[in-house]
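Reviewing the structure listed below.
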Amino acid sequence: MRLFATGRALRVNSARWSIASPRRSLIRIPLSHRPDALAVPRRALSSTAIRRTDEKATGANGTIINGQSYRKDEWTNTPETILSHVGRRLYLDENHPLAITRKLIESQFPTPIYGNYSEQNPVVSTELNFDVLGFPLDHPGRSRTDTYYINDKTVLRTHTSAHEQAYFQQMNRNEKTRPEEVGYTLVADVYRRDAIDRSHYPVFHQMEGARLWKRPETEPLKHSAETAAAIMKDVNSIPAHDVAVEDPNPTFHPERNPLQDGQHSVEETEAMAAHLKRSLEQMVIKIFTEASKAAASTAGAEPEPLKVRWVEAYFPWTSPSWELEVFWQGDWLEVLGCGIIRQNLLNNSDVPHRIGWAFGLGLERIAMLLFNIPDIRLFWSRDERFLSQFKAGQITRFEPFSKYPACYKDVAFWLPSASVSSGSAAGGAMPVHENDVMEIVREMAGNLVEDVQLIDEFTHPKTHRKSMCYRINYRSLERTLVNEEVNDLHEKVRGKLVDLLSVELR
Ligand code: PHE
């Protein structure tokens, strides 16, 4: 089962050497005010980010984000270093690689059929991020080790799908004024606690899109042949392409990838799937044709012929679901997740008489390929040597400026004994997770860390205590770090590991 397709591997059973400390159920990291610097006008911002309930705090103890104060509680785990990214809106800086990538994708979903939107406020309710989309209560995506909570009911969105309901509702509200707008794209910053390496950063960007069709209000299944025919007409207006597509599976499969029985007919599902596949193939082909042109222009070689393939997938709010992969420089690369939207979600979003599809993708991953950007931290750089290399509308290869020396340091420690448990972190006590180590490193050393790797792990045969050794690779993208500075940072990391995780340094 997949949790998220876009830019993150699923790690349900991965490095969770879960230890639940009996003394402390949550690692608390203080939050403080960070003003949001930018307010850039953008077409029809819908500001649908959060359903305002009782989340506003009145006292001085709230977390302030975008000028709003949110109450804190024992779920709060969002550090200031993360909040400082809110409001940067890199996708609006027209010469920034993320904005160039966004535009390229939006160009494949033009008006008036698709509205192209962005969502500024990353604070959303757990209801919109998870419940409305059908995430079960024990789903690992809800865990505090994976998600930044503002409080028990509020998170920094972990994906742009948190806005699906609001956009469907908006489509219904705009039915009279903008009847031709039956789809949308949406770009936004999303937040996930995760490993530290050159392709993972706790803040990244996603682009989501959806397309709906109306059905007759009474007995839609009786008229499903007409609905399907209308969708097929739209399919035939999407230009054909000549790229090789592997699609070995049936459109739906009763066990592995079911159609929504009783909700959608076979013809409707086939037609929507055809529209979704053709639209997304077209988009991906556009992107990767640009990427291979750019690659070939520097390498002086012929662009490689493109290959794409469809893989069955699972998302709680779509069925059937797929991922699209592209064969890129010798590997199959997962580019996006998508599927036929569950009718239940549409019924609950004021559009019960419509059916349709949705997709989501990670922008950094695509931009890294398009522009040959080797380290995800670079997207946040304010260094002119980075920023001056890109121009709106142009896909060019990044010329690395000198790489400053790396300096690695190891930290080895014993996990607290007698506290090994395998509890889920979705509620109740919070076990310590590898992501907690990552968070401490990020908190202490920020963007001066390139990656953190577990290099050794063993259990003592007699005491059964577990020892872990992590290698932290310090490197600045902008200057040479001096030894003292790195030693100092590393000491701070070691101290925090002891303070917050109760480990014993070795
Ligand atoms: N939100 C999913 C992710 O983060 C992608 C997705 C979007 C899947 C829409 C299906 C429909 O990977």
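Under the UniProt record's numbering, think of the first position of the sequence shown as 1, with each following residue one higher. A virtual CB, placed ideally from N, CA and C, is assigned to each residue, including glycine. The structure presented is a predicted model; accordingly, all values stated were derived computationally and were not measured.
Item                                                                                                                     : Value
Opposing strand residues paired with residue 207 [DSSP bridges]                                                          : 187 and 361
Close beta carbons around residue 146, own chain, < 7 Å, minus the five adjacent residues each side                      : 140, 192, 193 and 435
beta-carbon residue 358 near the ligand PHE non-hydrogen atom, thresh 7 Å                                                : yes
Under 8 Å between C-beta atoms of residue 190 and residue 142                                                            : no
Integer-rounded CB distance, given that residue 502 should sit under 8 Å from residue 412                                : That belief does not hold up - the Cβ atoms of residue 412 and residue 502 are roughly 15 Å apart, past 8 Å.
contact_flag[the stretch 163-174, the stretch 349-362] where n(CB pairs < 8 Å) is 3 or more                              : yes
Three-state secondary structure (DSSP) of residue 482                                                                    : coil
For residue 455, three-class secondary structure by DSSP                                                                 : strand
Start and end residues, beta strand (DSSP E) containing residue 436                                                      : Looking at the DSSP string, residue 436 is not in any beta strand (DSSP E); the run it does join, the alpha helix (DSSP H), is 434-445.
Any non-hydrogen atom of the ligand PHE within 7 Å of residue 337 CB                                                     : yes
Reduced DSSP category for residue 241 - H, G, I as helix; E, B as strand; rest coil                                      : coil
Rounded C-alpha distance that separates residue 105 from residue 151                                                     : 34 Å
Nearest residue (CA-CA) to residue 206, options 215, 450 and 336                                                         : 336
Residue nearest to residue 381 in terms of C-alpha spacing, selected from 462, 61 and 90                                 : 90
Host beta strand (DSSP E) of residue 76 (start-end)                                                                      : Taken as a continuous stretch (DSSP letters only), residue 76 belongs to no beta strand (DSSP E), as it is neither H nor E.
Min CB distance residue 118 to chain D below 8 Å                                                                         : Reference to chain D is not applicable here, since this structure consists of a single protein chain.
Where the beta strand (DSSP E) through residue 313 begins and ends                                                       : 307-315
Closer than 7 Å: residue 208 CB and nearest the ligand PHE heavy atom                                                    : yes
Under 8 Å between C-beta atoms of residue 392 and residue 94                                                             : yes
Nonlocal neighbours in the same chain, by C-beta distance under 8 Å from residue 318, ignoring five residues either side : 338, 339, 340, 341, 342, 357 and 358
Supposed close pair residue 182, residue 213 - CB separation, criterion 8 Å                                              : 7 Å
Proximity of residue 245 and residue 281 at Cβ, strictly below 8 Å                                                       : yes
Contact test: residue 204 Cβ vs the ligand PHE heavy atom, cutoff 7 Å                                                    : no
Proximity winner among 449, 322 and 455, relative to residue 507 (alpha-carbon distances)                                : Since the first and last residues shown for the chain are 1 and 506, residue 507 lies out of range.
Continuous beta strand (DSSP E) stretch holding residue 471: start and end                                               : 466-474
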